[in-house]
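Numbering (the working numbering), first residue to last: 2 to 139. Where a beta carbon is used, it is the ideal one built from N, C-alpha and C, also for glycine.
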Amino acid sequence: MELILLLVLVIFGCVGYGMLKRYLLDQSLVKQREMVHKERITAMEKGLPIENLQSVVESPTIPSPSQEKVLVWVRLVSLFFGLFLVLAGAGMCIAFYISELSELREAWSVGLIPVLAGVGLLLFFVLSKNFKENLKSE
2 MELILLLVLV IFGCVGYGML KRYLLDQSLV KQREMVHKER ITAMEKGLPI
52 ENLQSVVESP TIPSPSQEKV LVWVRLVSLF FGLFLVLAGA GMCIAFYISE
102 LSELREAWSV GLIPVLAGVG LLLFFVLSKN FKENLKSE
């Protein structure tokens, strides 16, 4: 039991670290974009050409994930959680159905909720393949 708790804490710690890292990156992007915006407004007020200012979006120092990479990640996450929910829901259905308690045997259909949610995620995984091909062609 203590090992499971430790594993859960490590997983949540890793997820929290990733979220914090992403938040800090987004905050630095916001600050840089605000600075560029102020520079452009000042240049417009003084009548200077704006084309000389480099956009933060086009800056090579700031990594920006392409839409294709984000879509691949979302598709993989939906595949993983879709399979997990389908299998967990099927396990719940079977476990409730073969239970000796009559209350659980009557509630076997509760396991259909995660099964259908997983089917929805798997359907998204299959249907989003067309979006990936459309992004490549652009």
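Taking the beta carbon of residue i as the centre, do at least 16 other beta carbons fall within 10 Å, making it buried, or is it exposed?
i	result
residue 115	buried
residue 90	buried
residue 126	buried
residue 36	exposed
residue 79	buried
residue 48	exposed
residue 83	buried
With residue i as the anchor, note down where its alpha helix (DSSP H) starts and where it stops.
i	result
residue 115	113 to 128
residue 26	3 to 47
Measure from the alpha carbon of residue i to the alpha carbon of each residue in the options, then state which is nearest.
i	options	result
residue 122	77, 94, 34	77
residue 87	119, 6, 112, 34	119
residue 95	108, 28, 75, 47	108
residue 75	3, 130, 100, 99	130
residue 1	101, 103, 92	The structure shown has nothing for residue 1, since the chain only spans 2 to 139.
residue 71	40, 132, 39	132
residue 85	19, 97, 117	117
Helix, strand or coil for residue i? Go by DSSP, reduced to three states.
i	result
residue 79	helix
residue 110	helix
residue 101	coil
residue 51	coil
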